[in-house]
Amino acid sequence: MSIPDIVKPGLAVLFCGINPGLMSEAKGQHFARPGNRFWPALHLSGFTPRLLKPSEQEELLDYGLGITNLVARPTAKADELTAEELREGGAVLTELARAQRPSVVAVVGITAYRTAFGRKDAKVGPQVERIAESRLWVLPNPSGLNAHYSLRDLAEVFAALRAEVAPASTTRTPPEGS
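Quick look at the structure:
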């Protein structure tokens, strides 16, 4: 079963995973392995009002969010991908960004980003370069195998991205009684 891109023109953020894991491929859902922290980080950072399940991935469009992958080929671990596959995926992502025009493309996985775009010194966070006309962020890989970031740390980085795409003036709580 292939995993569909969850995209539409003009998204606030197009998240780009590395590639589907085997469970994601079997279910046809992005970030489907229970230990993956993408969905909790998305919620804890304020991108979604509740914790979405991978089976609810289409609801992301309601929040101006989308998901794709650098490489469509499923693997047990991302390090099974070749550098050539990642570079080809970077070119495909650039074309997708050109066609769909999201405000931000957020590549989820620093090592894959470095390889796909030839940016060996890139750091997590906003990047100077763009993908097509879209601003570019690199986020940590939310896989449970990534011990460098706790869920709290992931949520903080996701929240920094959210703050860029949703200025405080649009996220304030309405005054009582309104």
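1 is the number of the first residue of the sequence shown in UniProt numbering; add one for each residue after it.
Backbone N, C-alpha and C fix where the C-beta goes; we use that ideal spot for every residue, glycine too.
Separation of residue j from residue i, as counted between CA atoms
{"i": "E85", "j": "C16", "result": "15 Å"}
{"i": "I18", "j": "A78", "result": "7 Å"}
{"i": "N69", "j": "L11", "result": "16 Å"}
{"i": "A83", "j": "G64", "result": "31 Å"}
{"i": "A72", "j": "K27", "result": "14 Å"}
{"i": "P9", "j": "W39", "result": "22 Å"}
{"i": "residue 191", "j": "E58", "result": "Lying outside 1 to 178, the shown extent of the chain, residue 191 is not represented and no answer is given."}
{"i": "L94", "j": "P102", "result": "Just to set this straight, residue 94 is Thr in the shown sequence, not Leu. Whole-angstrom Cα-Cα distance: 11 Å."}
{"i": "D5", "j": "N146", "result": "24 Å"}
{"i": "Y149", "j": "V124", "result": "11 Å"}
{"i": "G35", "j": "Y113", "result": "22 Å"}
{"i": "E80", "j": "L61", "result": "30 Å"}
{"i": "A76", "j": "V128", "result": "32 Å"}
Residue i and residue j closer than 9 Å at C-beta
{"i": "A159", "j": "S45", "result": "yes"}
Option in the options with minimal Cα separation from residue i
{"i": "Q100", "options": "N146, W39, T48 and I67", "result": "I67"}
{"i": "P126", "options": "S2, V157 and P102", "result": "V157"}
{"i": "A132", "options": "G90, M23, E58 and V7", "result": "G90"}
{"i": "R119", "options": "R87, V92, L93 and G35", "result": "R87"}
{"i": "L96", "options": "I3, N146 and V7", "result": "V7"}
Cutoff 6 Å; reference residue i; Cβ partners in own chain excluding five residues on either side
{"i": "R37", "result": "P142, L151 and L154"}
{"i": "residue 190", "result": "Residue coverage of the chain in this structure runs from 1 to 178, which leaves residue 190 outside it and unanswerable."}
{"i": "P74", "result": "P20, L22 and E25"}
{"i": "R130", "result": "L136"}
{"i": "S2", "result": "none"}
{"i": "R98", "result": "A132"}
Cut-off 8 Å between Cβ atoms - residues of its own chain near residue i, not counting five sequence neighbours on either side
{"i": "P175", "result": "Unreliable positioning characterises P175 in this predicted model, as indicated by a pLDDT of 39, which lies under 50. A coordinate reading is not provided."}
{"i": "V104", "result": "A12, V13, L14, S134, R135, L136, W137, L161, E164 and V165"}
{"i": "G144", "result": "R33, G35, N36 and R37"}
{"i": "R50", "result": "H43"}
Discussion item. Under 8 Å: do the segment 100–120 and the segment 138–145 share three or more Cβ pairs, one atom per stretch?
Written reply: yes
Worksheet item: Is the segment 19–34 touching the segment 49–56 in the sense that three or more CB pairs, one from each, lie closer than 8 Å?
Response: yes
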